[in-house]
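Enquirer: Pasting a structure below so you can have a look.
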Amino acid sequence: MSEQKLQSQTVQTTGHAWDGDLQEYNNPLPVWWVYTFYATVIFAVIYWTIYPSWPIGKGWIGGASNITYVNSAGETKTHSWNTRALLLEDLNQAAAEQKPYFDKVSAMSYAQIAKDPEMNGFILSAGKALFADNCAPCHQAGGQGVAGFFPNLTDDDWLYGGSYDKIHETLMVGRRGYMPAFSEVLAGEQIDQLANYVAKLSGIGHDAAKAAAGDALFRSETAACYYCHGSDGKGRKDIGAPNLTDNIWLWANVPASDAAEGKVAAIRGVIANGLNKGVMPAWAGRLSPEQIKVLTVYVHELGGGQ
Amino acid sequence: MNFNFKHEWIETNIGLMAVLTMLAISVGGLVEIAPLFFIDKTIEKVEGVRPYTPLEQRGRDIYQREGCYTCHSQMIRPFRDEKLRYGHYSLAAESQYDHPFQWGSKRTGPDLARVGGKYSNEWHVQHLVAPRSMVPESVMPNYPWLLATKLDISDTAARMKALRKVGVPYSLSQAEYDANVTKFGETVAKQLHIPDAQKNLVEQANFGNYDGDRSGISEMDALVAYLQVLGTMVDFSKYSDDAFVDVR
């Protein structure tokens, strides 16, 4: 039956039969398909002439399309199309749009910026993006920090100082916190006394007798806490030694416990084990001077700037 | 030979069909890949790129074991948004000692090509143990065992020997060591010397104390050491911003 049907067709077959009678038509390709194919060939040839294409020896054909950009040395250069030149062109364009603002940021003093509503608006939006990219992983999106790990930037308690210059310095060169582990030099009882004294300094629940003994220890050469935290316990910003009298806690997670005993235990832990953390990376090599200045103002305006 | 071409000829010789199919589909790859071996600008000439130290290399092994690459790429593309977020675009030269490379195009998490030095060791440790304690919106899994598991350093030399076989210049002989001194300087060359692998690893881990725990060397030490070196080998301040335009 199939043989009779095939004979009635004008279309040729591919010329072989499987299983005795299974044949395959050799239809011509649809006309629309053939012309589309030719069109893609023409497109490819045009594409080769415009964009980088064929490799030749140790190089390649750059193509007719050019990109003009200005490099960091201020030279205007033209290069055959590539994504790296395209990036520079793109960056040049964006930099040109932002330049008036960043130039103003460079030229103005912090006091002038603070009084200029337009600059404040710019710093708020530019600073927000920079902060989210670079600072928020540690200090969190709103700058509130993480208890026990990263300081809150929105309060007025500063380890290294909250003036524009100090914030700028912190951003540029980074910071590294350190406190010796006193379990190596003091008895457990003495550490307990010191912890009670530190609790007293911040006005939280403590054992009065132990605190009195701790007071003496704090000032003694045995523990020598006053070297860094000052004889009044208010800390020294030049070395990042925290103020112990303001009931603001970073390393000892005091607010985490409700009971006075838990609060004292948190303080005891820090005195006993010390700290070798509180590392703030240096941003001088990562961000531009203008970006760091924007961040300085942004952090200052988070609420705690001095 | 009577060369009478027929479909039947190929279709009835499955071996021949396999060979011809392979030839046809390899054209696409060959025309894109083969020229890269002859073009002299494929790998940028840049200072500072070196193979990983034993500790970093062990960290890299853990990075691969835990499948970090399924969510994190290590390839910053030359786009403005990527430059602003991650830094300078990645160079081919920067992954010349990576076997296998970690480029990728699948980013559930951020690109890590220049994560080195961006955060403190302490942040990395906390973030790996409990990502949401640092980044509340994160979908990254917790990796608490990294801190609890002691790093197995017994096979460090064997791992470096394997990499040496695929072309990483770790040295076994004095001559190879001397060549590394010339190429990378003495400090780096010492780290690349396989006979000292274990000693070097222990020294770096103890000195760096990446996990903040001095009691031993954990897998966290190795992984954080690796993360902290990513993208830091080339000092881009030495190069003009268009230094790598001409090579593409």
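Protein chains in written order, with my numbering: chain A, 1 to 306; chain B, 1001 to 1248. Where a beta carbon is used, it is the ideal one built from N, C-alpha and C, also for glycine. These numbers were taken from a predicted model, which means no experiment stands behind them.
1) On the premise that E1137 of chain B lies in contact with F149 of chain A, defined as a C-beta separation below 8 Å, what is that separation, rounded to the nearest angstrom?
2) I believe Y1097 of chain B touches I1076 of chain B by the beta-carbon criterion, under 8 Å. Please report the beta-carbon distance rounded to the nearest angstrom.
3) According to the Cβ coordinates, are A195 of chain A and V264 of chain A closer than 7 Å?
4) Using 10 angstroms around the beta-carbon of V1115 of chain B, count the other beta-carbons present and answer buried if the total reaches 16, otherwise exposed.
5) Less than 8 Å between the CB atoms is what I'm expecting for I1025 of chain B and L1016 of chain B, so what's the real figure, rounded?
6) Considering only C-alpha positions, which residue in the set B:Y1226, B:V1135, B:F1244 is nearest to P1054 of chain B?
7) DSSP three-state label for A1113 of chain B, please.
8) Answer yes or no: does any C-beta atom of chain A fall closer than 7 Å to that of R1050 of chain B?
9) Contact check, T1156 of chain B vs L1223 of chain B under 8 Å by CB: the rounded distance?
10) Please tell me whether L275 of chain A and G177 of chain A are closer than 7 Å, where the distance is taken between their beta carbons.
11) Do you know offhand how far Q1126 of chain B's Cα is from Y1119 of chain B's?
12) If I measure Cβ to Cβ from F102 of chain A and keep anything under 6 Å in the same chain, skipping five residues before and after, which residues do I get?
13) Using a C-beta to C-beta distance shorter than 8 Å, which residues of chain B count as neighbours of L244 of chain A?
14) Hey, would you say D232 of chain A sits closer than 7 Å to D157 of chain A, going by beta carbons?
15) Could you check what DSSP says for E24 of chain A in three-state terms: helix, strand or coil?
16) Is there at least one Cβ from chain A nearer than 7 Å to V1245 of chain B's Cβ?
17) Going by DSSP in three states, F1207 of chain B sits in which element: helix, strand or coil?
18) Pick helix, strand or coil for W60 of chain A, following the three-state DSSP scheme.
19) Quick one: grab the DSSP three-state call for W251 of chain A.
20) Say whether chain B places a C-beta atom closer than 7 Å to the C-beta of K99 of chain A.
21) With a Cβ-Cβ cutoff of 7 Å, do L1147 of chain B and H1099 of chain B count as a contact?
22) Could you please give the first and the last residue of the uninterrupted alpha helix (DSSP H) stretch that includes H16 of chain A?
23) List the endpoints of the continuous alpha helix (DSSP H) containing K1045 of chain B.
24) If contacts are defined as beta-carbon pairs under 8 Å, then K99 of chain A and M119 of chain A qualify, I think. What distance do you get, rounded to the angstrom?
25) Starting from N66 of chain A, follow its DSSP beta bridges and name the residues at the other end.
26) So which residues on chain B does L29 of chain A lean against when the C-beta distance must stay under 8 Å?
27) Is there a Cβ of chain B sitting closer than 7 Å to that of N196 of chain A, yes or no?
28) Could you check whether the Cβ of G1117 of chain B sits closer than 7 Å to any Cβ belonging to chain A?
29) If we call anything under 7 Å between Cβ atoms a contact, is T49 of chain A one with A64 of chain A?
30) In chain order, which alpha helix (DSSP H) runs of at least 4 residues are fully inside the region 198 to 284 of chain A?
31) Determine which residues of the region 38 to 66 of chain A have a Cβ less than 7 Å from any Cβ of chain B, and write them out in chain order.
32) Look at Q1102 of chain B and Q1057 of chain B and say whether their C-beta atoms are less than 7 Å apart.
33) So what's V1027 of chain B in DSSP terms, helix, strand or just coil?
Expert: Taking the definition as stated:
1) To locate residue 149 of chain A, count along the first sequence from 1; it is residue 149. To locate residue 1137 of chain B, count along the second sequence from 1; it is residue 137. About 18 Å separates the CB atoms of F149 of chain A and E1137 of chain B; that is not less than 8 Å, and the two are not in contact.
2) As a working note, residue 1097 of chain B is residue 97 in the second sequence. As a working note, residue 1076 of chain B is residue 76 in the second sequence. No, Y1097 of chain B and I1076 of chain B are not in contact; Cβ-Cβ is about 18 Å, not under 8 Å.
3) Counted from its first residue, the first sequence places residue 195 of chain A at position 195. Counted from its first residue, the first sequence places residue 264 of chain A at position 264. Result yes, Cβ atoms of A195 of chain A and V264 of chain A sit closer than 7 Å.
4) Position 115 of the second sequence, counted from the start, is the residue given in the question as residue 1115 of chain B. Taking every protein chain shown into account, the CB of V1115 of chain B has 16 or more other CB atoms within 10 angstroms, so this residue is buried.
5) By 1-based counting over the second sequence, the position of residue 1025 of chain B is 25. By 1-based counting over the second sequence, the position of residue 1016 of chain B is 16. For a cut-off of 8 Å, the C-beta gap from I1025 of chain B to L1016 of chain B is around 15 Å, too long to register as a contact.
6) Counted from its first residue, the second sequence places residue 1054 of chain B at position 54. Checked all of B:Y1226, B:V1135, B:F1244; the closest Cα to P1054 of chain B is B:Y1226.
7) For the purposes of this step, residue 1113 of chain B is taken as the residue at position 113 of the second sequence. DSSP, reduced to helix, strand and coil, places A1113 of chain B outside both helices and strands of the structure shown, so it counts as coil.
8) Residue numbering aside, residue 1050 of chain B sits at position 50 when the second sequence is read from its first letter. It does not; no Cβ of chain A falls within 7 Å.
9) On the second sequence, position 156 is the one that residue 1156 of chain B refers to. On the second sequence, position 223 is the one that residue 1223 of chain B refers to. With a Cβ gap of about 15 Å, T1156 of chain B and L1223 of chain B do not count as contacting.
10) By 1-based counting over the first sequence, the position of residue 275 of chain A is 275. By 1-based counting over the first sequence, the position of residue 177 of chain A is 177. Against a cut-off of 7 Å, the Cβ pair of G177 of chain A and L275 of chain A comes out as a contact.
11) Counted from its first residue, the second sequence places residue 1126 of chain B at position 126. Counted from its first residue, the second sequence places residue 1119 of chain B at position 119. Cα-Cα distance, rounded: 11 Å.
12) Translated into the one-based positions of the first sequence, residue 102 of chain A becomes position 102. E290.
13) Position 244 of the first sequence, counting from 1, holds the residue named residue 244 of chain A. Within 8 Å of the CB of L244 of chain A, no CB atom of chain B is found; the nearest one sits about 22 Å away.
14) Start at 1 with the first residue of the first sequence, and residue 232 of chain A comes out as number 232. Start at 1 with the first residue of the first sequence, and residue 157 of chain A comes out as number 157. Taking 7 Å as the Cβ cut-off, D232 of chain A and D157 of chain A do not qualify as a contacting pair.
15) On the first sequence, residue 24 of chain A is found 24 positions in, with the first residue counted as 1. In the structure shown, E24 of chain A falls within a strand segment according to DSSP collapsed to helix, strand and coil.
16) Against the second sequence, residue 1245 of chain B aligns to sequence position 245. Judged by the 7 Å Cβ criterion, V1245 of chain B is in contact with chain A.
17) The sequence position of residue 1207 of chain B within the second sequence is 207, counting from 1. Helix, per DSSP.
18) As a first step, residue 60 of chain A is located in the first sequence; it is residue number 60 there, counting from the start. W60 of chain A: strand per DSSP, three-state reduction.
19) Within the first sequence, the letter at position 251 stands for residue 251 of chain A. W251 of chain A: coil per DSSP, three-state reduction.
20) Locating residue 99 of chain A in the first sequence gives position 99, counting from the first residue. When Cβ-Cβ separations below 7 Å define contact, K99 of chain A makes no contact with chain B.
21) Residue mapping note: residue 1147 of chain B aligns to position 147 of the second sequence, counting from 1. Residue mapping note: residue 1099 of chain B aligns to position 99 of the second sequence, counting from 1. Cβ atoms of L1147 of chain B and H1099 of chain B: not closer than 7 Å.
22) Walking along the first sequence from the start, residue 16 of chain A turns up at place 16. Unbroken run through H16 of chain A is the beta strand (DSSP E), 13 to 18; no alpha helix (DSSP H).
23) By one-based count along the second sequence, residue 1045 of chain B stands at place 45. Counting along the chain, K1045 of chain B sits inside no alpha helix (DSSP H), nor does DSSP assign it H or E at all.
24) Here residue 99 of chain A refers to the residue found at position 99 of the first sequence. Here residue 119 of chain A refers to the residue found at position 119 of the first sequence. The Cβ separation is near 14 Å, so there is no contact.
25) One-based indexing of the first sequence puts residue 66 of chain A at position 66. For N66 of chain A, the pairing in a beta bridge is given by DSSP as A:S80.
26) Within the first sequence, the letter at position 29 stands for residue 29 of chain A. Ordered by position in chain B, no residue passes the 8 Å Cβ test against L29 of chain A, which lies about 16 Å from the chain.
27) Along the first sequence, one-based indexing puts residue 196 of chain A at 196. Not one chain B Cβ lies under 7 Å of N196 of chain A.
28) Along the second sequence, read from residue 1 onward, the residue named residue 1117 of chain B stands at position 117. Yes - at least one Cβ of chain A is within 7 Å of the one on G1117 of chain B.
29) The residue you call residue 49 of chain A lines up with position 49 of the first sequence. The residue you call residue 64 of chain A lines up with position 64 of the first sequence. Cβ atoms of T49 of chain A and A64 of chain A: closer than 7 Å.
30) DSSP runs (the alpha helix (DSSP H)) wholly in the region 198 to 284 of chain A: 208 to 219, 226 to 229, 260 to 273.
31) For the region 38 to 66 of chain A, residues whose beta-carbon sits nearer than 7 Å to a beta-carbon of chain B comprise P55, K58, G59, W60.
32) For the purposes of this step, residue 1102 of chain B is identified with residue 102 of the second sequence, where counting begins at 1. For the purposes of this step, residue 1057 of chain B is identified with residue 57 of the second sequence, where counting begins at 1. No, the pair does not count as a contact, with Cβ atoms beyond the cut-off.
33) Taking the second sequence and counting its residues from 1, the one referred to as residue 1027 of chain B is at position 27. Correct three-state label for V1027 of chain B: helix.
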